[in-house]
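Chemist: Note that full-length UniProt numbering gives residue 67 to position 67 of the sequence shown, counting from 1, and the numbers run on in steps of one.
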Amino acid sequence: MQHLKEADGSGKLDINGKLSDIPYHLVARKDDNQAYSVEISLSAPRDWLLQRGFDRQATLVIESGKRVAVHAENHVGVEGPISVVLTSGTDICRSPEDVSDKYPELKL
């Protein structure tokens, strides 16, 4: 897997219909079969998430308007770490142009 590019963006996190501004980070890679993949991650304070009713999954609206499911690795509760990392699944893209169309922040 070849690391291609990283970028940051500013989006909105939708938790139970409540939208909040939040920064996120994107990573683009290319595998040995010439497939391109993009993953998104963000970090948020545990208590902030809990106040909004977050349990394990939310929707991130990225700069392009695309809605991306993000999740915590484990259930988020008061006993957990004070900072929670949410990640998307891997989005497989056909070409650098496909990556750039879906994720303009990366501009491959």
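Where is the CB? At the ideal position from N, CA and C, for every residue including glycine.
It should be emphasised that the depicted structure is a prediction, and the values quoted were computed from it without experimental measurement.
My understanding is that V61 touches D14, with C-beta atoms under 8 Å, so please give their C-beta distance in whole angstroms.
Modeler: Translated into positions along the sequence shown, residue 61 becomes position 61. Translated into positions along the sequence shown, residue 14 becomes position 14. That pair is a contact at about 6 Å.
Chemist: In the structure shown, what three-state DSSP assignment does L106 receive?
Modeler: Taking the sequence shown and counting its residues from 1, one reaches residue 106 at position 106. DSSP places L106 in coil when its eight states are reduced to three.
Chemist: Select from P81, S37, Q2 and N16 the residue whose C-alpha is nearest the C-alpha of G89.
Modeler: Within the sequence shown, the letter at position 89 stands for residue 89. Considering only alpha carbons, the answer is S37.
Chemist: Between the segment 87-102 and the segment 67-78, can you find at least three pairs of beta-carbon atoms closer than 8 Å?
Modeler: Yes, since at least three Cβ pairs between the segment 67-78 and the segment 87-102 fall closer than 8 Å, the two stretches touch.
Chemist: Any chance the segment 36-50 sits against the segment 20-28, with 3 or more Cβ pairs inside 8 Å?
Modeler: As far as the Cβ criterion goes, the segment 36-50 touches the segment 20-28, which means the pair count is three or higher.
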